[in-house]
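What follows is a short report on a single structure.
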């Protein structure tokens, strides 16, 4: 039988799991039992079970990792990419603590891709800033930022940590006001040091971004490599016709 009291089995399963999520019997990051185990527990076919699970995945309450299992979703950082806003200007999820840690700041020679984006010569000096953002202590985003040294001649590396709360304001105080930007998003897999820093298994999905920010006269101010956890990061883009 597919129904009890007129209610489909998959709906009952879905709502029972939802209640376990709301009551935190199932906590963020928990792995659910296998489909075989859950189907046997509820006395239904795997197809019926999967229908209920898929509804919760569509709602963002669960997520599936191929070959690994189904997990309770963690808090998502939702960014509005329809406007150019700094991190501190974005609305934060309620009840979640968002922190940003400076991992390193250094003077490096710009490699070809970075140099082209910043409008400088390969090998010219650039300031490299690497930061890690977390939600409730869970790493979510790595920013690998490059600034043309020629625009920030008076900046001392020791000043950058104090400026982390608003890097764009920091740029502005040095005469470099951001007016617009171009960015590219793509799906990638976490590898090596990025996977380790984001506490992901190698091959886990991430949302990768490259972005160049410009002054009003078109001068490049910042180039960014960005790595976001696929299970904790959402992008919203406003569309108009």
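Numbering (the numbering used here), first residue to last: 20 to 260.
Note that CB positions come from ideal geometry on N, CA and C, so glycine has one too.
Does DSSP put residue i in a helix, a strand or coil?
i, result
"residue 259", "coil"
"residue 85", "coil"
"residue 131", "helix"
"residue 112", "In this predicted model, residue 112 has a pLDDT of only 45, less than 50, meaning its place in the structure is not dependable; the value taken from the coordinates is given anyway. Of the three classes helix, strand and coil, the one that applies to residue 112 here is coil, per DSSP."
"residue 60", "helix"
"residue 141", "coil"
"residue 38", "helix"
"residue 73", "helix"
"residue 234", "coil"
"residue 178", "helix"
"residue 151", "strand"
"residue 124", "strand"
"residue 55", "helix"
"residue 166", "strand"
"residue 226", "strand"
"residue 80", "coil"
"residue 68", "helix"
Does the beta-carbon of residue i have 16 or more other beta-carbons within 10 angstroms, so that it is buried, or is it exposed?
i, result
"residue 250", "buried"
"residue 173", "exposed"
"residue 60", "exposed"
"residue 199", "exposed"
"residue 64", "exposed"
"residue 260", "exposed"
"residue 196", "exposed"
"residue 206", "exposed"
"residue 85", "exposed"
"residue 124", "buried"
"residue 114", "In this prediction, residue 114 has a pLDDT of 45, which is less than 50 and means its spatial position is unreliable; nothing more can be read from the coordinates."
"residue 152", "buried"
"residue 186", "buried"
"residue 26", "exposed"
"residue 134", "buried"
"residue 258", "exposed"
"residue 256", "exposed"
"residue 192", "exposed"
Comparing the CB of residue i with every heavy atom of the ligand MN, is any distance shorter than 7 Å?
i, result
"residue 138", "The model on display carries no ligand, and the ligand MN is accordingly not part of it."
Is the beta carbon of residue j closer than 8 Å to that of residue i?
i, j, result
"residue 248", "residue 204", "no"
"residue 82", "residue 160", "no"
"residue 224", "residue 202", "no"
"residue 220", "residue 243", "no"
"residue 240", "residue 176", "no"
"residue 47", "residue 87", "no"
"residue 129", "residue 137", "yes"
"residue 140", "residue 126", "no"
"residue 62", "residue 29", "no"
"residue 183", "residue 121", "yes"
"residue 33", "residue 74", "yes"
"residue 154", "residue 117", "yes"
What whole-angstrom Cβ distance do residue i and residue j have, given they're in contact under 8 Å?
i, j, result
"residue 146", "residue 163", "At roughly 12 Å, the Cβ-Cβ gap does not stay under 8 Å, so residue 146 and residue 163 are not in contact."
"residue 213", "residue 246", "5 Å"
"residue 56", "residue 69", "Contact doesn't hold; Cβ gap of about 13 Å is too wide."
"residue 80", "residue 51", "The pair is not a contact, with the Cβ atoms about 11 Å apart (cut-off 8 Å)."
"residue 93", "residue 157", "6 Å"
Can you list, in chain order, the stretches of the alpha helix (DSSP H) that have 4 or more residues and sit fully within the region 182 to 219?
186 to 192 and 211 to 216
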